[in-house]
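Undergrad:
Numbering (the working numbering), first residue to last: 37 to 187.
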């Protein structure tokens, strides 16, 4: 129904903004701002310790994008092709990974291309003042539609 579709779209936008902030891109590229926090812990590490920080950041990016894909695009491809068994599992895993990379590409490149950088106080204000109310509106639209409040 239209309210659920619109509410889900609003929540998808909220999740994309959350993903951009989680992977620290675009508006939310705060740790790289030398004037803001002097790169936090990254300024103190080099070599394999810095590599571990970078690896954990990459794993966080993949896990966060995988969560977005699992919630909003949970469909596999093996059912459409009529595959079963281990081949279907491998194909669905590859398809899920492709969807994750598409979500990461869109969230990283689009946000990096069209946005600047926010200060920490601006990012917090944006989440409390804009994104949190958007998420409440999206959930409220879905609840209204599911409960049948508007006939």
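We put the CB at the ideal spot given by N, CA and C, even for glycine.
All of these numbers come straight from a predicted model, not from anything done at the bench.
How many whole angstroms separate the CB atoms of residue 83 and residue 175, which I take to be in contact at a CB cut-off of 8 Å?
TA: Going by Cβ atoms, the distance from residue 83 to residue 175 rounds to 45 Å, so no, they are not a contact pair.
Undergrad: To the nearest angstrom, how far is it from the Cα of residue 54 to the Cα of residue 171?
TA: So the alpha carbons of these two residues sit roughly 11 Å apart.
Undergrad: By the three-class DSSP mapping on this structure, what secondary structure does residue 178 have?
TA: Residue 178: helix per DSSP, three-state reduction.
Undergrad: So what's residue 54 in DSSP terms, helix, strand or just coil?
TA: Residue 54: helix per DSSP, three-state reduction.
Undergrad: Using only CA atoms, which one of 181, 179, 144 and 131 lies nearest to residue 106?
TA: Of the listed residues, the one whose Cα sits closest to residue 106 is 131.
Undergrad: Under three-state DSSP, which class holds residue 82?
TA: Here residue 82 sits in coil by DSSP.
Undergrad: How about the stretch 117-132 and the stretch 85-95: do they share at least three Cβ pairs that are nearer than 8 Å?
TA: No: fewer than three Cβ pairs fall under 8 Å.
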